[in-house]
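Working notes, beginning with the structure itself.
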Amino acid sequence: MRNVYSPSELNREAKIHLEAGFGRVWVEGEISNLSRPASGHLYFTLKDDKAQLRCALFRGNARGLSVAPANGQQVRVRGRLSLYEVRGDYQLIADSMEAAGEGRLRAAFEALKRQLEQEGLFAADQRRALPRMPAKVGIITSPSGAVIRDMLQVLARRWPLAAVRLYPVPVQGTEAAPAIVKALEAATAQNWAEVLILARGGGSLEDLWPFNEEAVARAIHRCTLPIVSAVGHETDTSISDFVADLRAPTPSAAAELITPDRAVLARAFESTLTTLGHRAGADLQRRNQQLDELSGRLNRQQPERRLVQRRQQLTALEKRLEIAARRRLREPVRQLPLLHKRLHSSLQHALPARQQRLAALARTLHAVSPLPTLERGYTLTTLADSDKALRSVEQLAPGTRIETRLLDGSVDSEVVAVHAERLQASEP
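The sequence shown begins at 1106 in the working numbering and counts up one residue at a time.
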């Protein structure tokens, strides 16, 4: 039995097989039958000398094109094959478009990107920090056109305190890359700017090619100043974006990224002043309350009255001390004559007894003194080297020196011989 399809069934099956059999493809051809409906979509035909292909580019992708499509223009379109089931139209649903000559440039772009990335020119740790509030801004771009005008307007609105120095260069054509390199070298040598912006407006890959040159990339890497790359529109990407310290989607966005918003800072400053004012007021109020409390406590303690009381107490103590001193002195003064009398009486009674005892002691001393013996004609003999009296000849030996005391003097002698005699004790 035959398998019979309806037109819609066949178109659906064909669409499924067509989309599954092809991924994204690049197609190069000439634009014809270009249509721009109000929806913002683009409908056109790509043709060569042998065939043609219907194409559709929907609004979301059409807005980001780097080329302006026109009939008769040779372009390269990337997309996926599909089929419009209602009419059975075979078509390419495009998502990007570039000029036909951009294929070679795209390949060169990718090759240089891989080379510089391998050399480390894109390394994140080599990126320099941008100043938060730059006082001097250098701009490398064309001196005429909307780019520099828009950037200056943004800087004047957000951060008018910054001084701006323009390094004018061509931004398209064969002379652009050497001029950009010289401008980067001049900015580095002058060391005037705190941050540099490298900028140009949108365009095709070929228009933006000076910012994909190896010489420009290496000059950016050598530059000692922070650099913001702002080349083309948000969808455009250049080699300078990868080497620079920061990429901005547009030149105007670059001016915003490098500057603080004056209005925001003013509001923050006012908020800080208000906060400080509130804190100062609260602190002052607290100090005043403490002062009032201390003043109240001081007044309640009545320091003047207490000082008067202390003075009165001191005066009373001085009087009491004076009275006590007088009393202590009055009694000894009163007793002084009595004590004198008692001392005199004691001396009168004690003196005769003391005189009698002194006489008795004198008589006793006279009795034991050798002087009376010497007065009767006797002598006192002692060893010459001591006062010890000789009582026996046993104390002497020939050659011993002796001293003999008389009543009126003494005689030194030396023993020649010793004669011992035994004395007979008298009988009773």
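Note that beta-carbon positions come from the ideal geometry of N, C-alpha and C, so glycine has one too.
Between the alpha carbons of Ala1119 and Gly1145 lies a gap of roughly 28 Å.
A residue is called buried when at least 16 other Cβ atoms come within 10 angstroms of its Cβ; Ile1121 does not meet this threshold and is exposed.
In the displayed model, Ile1302 falls within a strand according to three-state DSSP.
In the structure shown, Asp1490 adopts coil according to DSSP, grouped into three states. In the three-state DSSP reduction, Asn1108 falls in the coil class, being neither helix nor strand.
Given a length threshold of 4 residues, each whole run of the alpha helix (DSSP H) inside the stretch 1289 to 1333 is given here in chain order: 1319 to 1327. Distance from Leu1235 to Val1336 at the Cβ level is roughly 17 Å; contact not present, criterion being Cβ atoms closer than 8 Å.
Pairing Ala1489 with Arg1506 gives a Cβ-Cβ distance under 7 Å. Gly1177 and Ala1156 have their alpha carbons spaced roughly 15 Å apart. Between the C-alpha atoms of Arg1447 and His1454 there is a straight-line separation of about 11 Å. Of the residues assessed, Thr1246 falls on the buried side of the cut-off, its CB having 16 or more other CB atoms within 10 angstroms.
Under the rule that a run must span 4 or more residues, the alpha helix (DSSP H) segments found entirely inside the stretch 1205 to 1233 read 1207 to 1224.
The beta carbon of Glu1135 lies closer than 6 Å to those of Lys1152 and Gln1179 in the same chain, with the five residues before and after it left out. Between the beta-carbon of Ala1281 and that of Pro1315 there is about 4 Å, and that keeps the pair under the 8 Å contact cut.
When the five nearest sequence neighbours on each side are left out, the beta carbons in the same chain lying within less than 8 Å of the beta carbon of Ala1349 are those of Leu1303, Ile1325, Ile1332, Val1333 and Ser1334, in order along the chain. Comparing alpha carbon positions, the residue from Arg1192, Asn1296 and Gln1231 closest to Lys1241 is Asn1296. Membership of Ser1515 in the beta strand (DSSP E) is indicated by the continuous run Gly1514 to Glu1519.
With respect to the C-alpha of Ser1309, the residue from Ala1464, Phe1227, Arg1327 and Gly1278 having the closest C-alpha is Gly1278.
Beta-bridge partners assigned by DSSP to Gln1179: Glu1135.
7 Å or more divides the Cβ of Ile1363 from the Cβ of Val1321. In this structure the stretch 1189 to 1196 does not lie against the stretch 1225 to 1239, because fewer than three pairs of beta carbons, one per stretch, are closer than 8 Å.
For Pro1248, there is no enclosing alpha helix (DSSP H), as DSSP marks it with neither H nor E. At the C-beta level, Ala1525 and Val1498 come within 7 Å of one another. Residue range Ala1268 to Pro1273 is occupied by the beta strand (DSSP E) that includes Arg1270. Contact between the stretch 1355 to 1371 and the stretch 1254 to 1273 is present: three or more C-beta pairs spanning the two stretches fall below 8 Å. Closest option to Glu1124, judged by alpha-carbon separation, among Gln1220, Asn1116 and Leu1186: Leu1186.
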